[in-house]
Structures are given as structure tokens and as C-alpha cells.
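See structure below.
Numbering (full-length UniProt numbering), first residue to last: 1 to 195.
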């Protein structure tokens, strides 16, 4: 079950401390940091209900210990309605893609009768094991560049992709670039490789 956790503080230092403590306290994902007028900052996290509750409580205690930081409110929404997914991305993009695109792996019925059956079952077992994500797995091949999929990639993955594709940006520019600049540079680099 998913839950949504919100911590609102007055001032950025308290919000950064709250986010740090929440991410260290339990297995939760940082969804966003929202800035409002008057110095109000809202940190939003998602994860399992118990993990979010313990993270928000830890953040509440941490912000209250800071001098000068003002905690405005803390709130946990257990099992939020599905309509909230239109506003907030509660599932990480890689988990959604894995559940949608993963076909079931089945062994052939006559595999046990053949003498090389252990080799084929080993291959099937290896294919079923999810591999850890790395830069090569998250970056699409240059000929199959899809801007919408690239928008869902993390900034780190976009920076690695921009470096791997040898875009027209220097490493310092890649490190300081925003998402739109990286997407444009990657798109230009893939067009050059196609030509």
C-alpha cells in the first residue's frame, strides 16, 4: 500500500533537513519540493504506509530541534485515491514500465526430456532475474530516442546519456544544465548520429 507524506516548513533550511531525515529514516521516495510565497516549502514523499509515517515523524522531530526553522504542518495520507496520480507521480517510472512490459517467462514442456535441459533452464532463469539499472540500461539507443521517455528519466541518467552521446555541451555545461537543455542537446546529438 502506498502513502503520501507532506512536511511544510517556513524556510528552506528546515525543508532540506526534513527531506534528508525522511529519506534516511525509511524506504521512501522524494516526489517534489514545492515553494510557496512567504517562504513556505512543502516536501512530498511516497512509500509504504508505515515507512511514510515513521519518516514524517522523524522529520517532525528533526525540524523542531533546529533553531530558526519553523514547522508549519506534517501530514500522512495513507492509501491515497487513484485520482491523485494525475497530480503526483506516486509510482516511479521504472516500476511502471517493468510491470507493463514484463512478459511471463515459461519453460517449454518438453525441456525435461532433452539432455541439454539444464542449459536451457539456466538461460530462462537468468533472463527472469532483473538486472540492476545502470547508465546503459536507462539510456535508449540513439536511433530509438523518444523524447517522452527521456522526460521521465532522472537528471543523472540524462547527464550520463548526454556524456555518452558526446553532445555539443562540455562536461561543466552538462553538470549545470537543466532538463530542457539536456533533452535538446541529446536530441541534436541523436539527429547527427542518424545522418
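Quick reminder that beta carbons are idealized off the backbone N, C-alpha and C, glycines included.
- [ ] For my contact list, residue 77 and residue 31 are in at a C-beta cut-off of 8 Å; report their separation, rounded to the angstrom.
- [x] In the chain shown, counting from the first residue as 1, residue 77 sits at position 77. In the chain shown, counting from the first residue as 1, residue 31 sits at position 31. The Cβ separation is near 12 Å, so there is no contact.
Task: Of the listed residues 26, 39, 45 and 38, nearest to residue 7 (C-alpha basis) - done: On the chain shown, residue 7 is found 7 positions in, with the first residue counted as 1. Cα-wise, what sits closest to residue 7 is 45.
Task: Segment contact, 8 Å Cβ cut-off, at least three pairs: the segment 19–29 with the segment 49–67 - done: Yes, since at least three Cβ pairs between the segment 19–29 and the segment 49–67 fall closer than 8 Å, the two stretches touch.
Open item on the list: Suppose the cutoff is 8 Å on Cβ atoms and the five residues either side in sequence are ignored; what does the same chain contact list for residue 134 look like?
Closed with: Against the chain shown, residue 134 aligns to sequence position 134. Low confidence applies to residue 134: its pLDDT is 45, below 50, so where it sits in the model is not reliable, and the reading given next is rough at best. Counting only Cβ-Cβ distances below 8 Å, and skipping sequence neighbours, we find nothing.
Task: Endpoints, alpha helix (DSSP H) assigned at residue 17 - done: As a working mapping, residue 17 is identified with position 17 in the chain shown. Segment 12–25, the alpha helix (DSSP H) holding residue 17.
Open item on the list: What does the Cβ neighbour count give for residue 153, buried or exposed, with the cut at 16 atoms within 10 Å?
Closed with: Position 153 of the chain shown, counted from the first residue, corresponds to residue 153. Around the Cβ of residue 153, a 10 Å sphere holds 16 or more other Cβ atoms; the residue is buried.
Task: Helix, strand or coil at residue 170 [DSSP, three-state] - done: Counted from its first residue, the chain shown places residue 170 at position 170. Three-state result, residue 170: coil.
- [ ] Taking all protein chains shown into account, decide if residue 71 is buried (16 or more other Cβ within 10 angstroms of its Cβ) or exposed.
- [x] The residue you call residue 71 lines up with position 71 of the chain shown. Per the 10 Å Cβ criterion, buried.
Open item on the list: I need the straight-line Cα distance from residue 52 to residue 151, nearest angstrom please.
Closed with: On the chain shown, position 52 is the one that residue 52 refers to. On the chain shown, position 151 is the one that residue 151 refers to. CA-CA distance, residue 52 to residue 151, rounds to 27 Å.
Open item on the list: Which same chain residues end up closer than 8 Å to residue 186 when comparing Cβ atoms and leaving out the 5 residues on each side of it in sequence?
Closed with: The sequence position of residue 186 within the chain shown is 186, counting from 1. Around residue 186, the same chain offers 145, 150, 158, 161, 162, 165 and 167 as residues with beta carbons nearer than 8 Å, after the five sequence neighbours per side are excluded.
Task: Residue closest to residue 9, alpha-carbon to alpha-carbon, out of 66, 27, 47 and 179 - done: Translated into positions along the chain shown, residue 9 becomes position 9. By alpha-carbon distance to residue 9, the top candidate from 66, 27, 47 and 179 is 66.
TODO: Check whether the Cβ of residue 12 sits closer than 7 Å to any heavy atom of the ligand FMN, and report yes or no.
DONE: Here there are no bound small molecules, and the ligand FMN is not part of this structure.
- [ ] Report the three-state DSSP secondary structure of residue 82 (helix, strand or coil).
- [x] Against the chain shown, residue 82 aligns to sequence position 82. If DSSP states are grouped into helix, strand and coil, residue 82 belongs with the helices.
Task: Inter-residue CB distance, residue 47 and residue 26 (contact presumed, cutoff 8 Å) - done: Here residue 47 is taken as the residue at index 47 of the chain shown, counted from 1. Here residue 26 is taken as the residue at index 26 of the chain shown, counted from 1. Residue 47 to residue 26, Cβ: 7 Å. Contact.
Task: Rounded straight-line distance, which links the Cα of residue 28 to that of residue 55 - done: Locating residue 55 in the chain shown gives position 55, counting from the first residue. Locating residue 28 in the chain shown gives position 28, counting from the first residue. Distance between the alpha carbons of residue 55 and residue 28: 8 Å.
Open item on the list: At the level of alpha carbons, what is the spacing between residue 13 and residue 194?
Closed with: Residue mapping note: residue 13 aligns to position 13 of the chain shown, counting from 1. Residue mapping note: residue 194 aligns to position 194 of the chain shown, counting from 1. Pairing residue 13 with residue 194, the inter-Cα distance amounts to about 46 Å.
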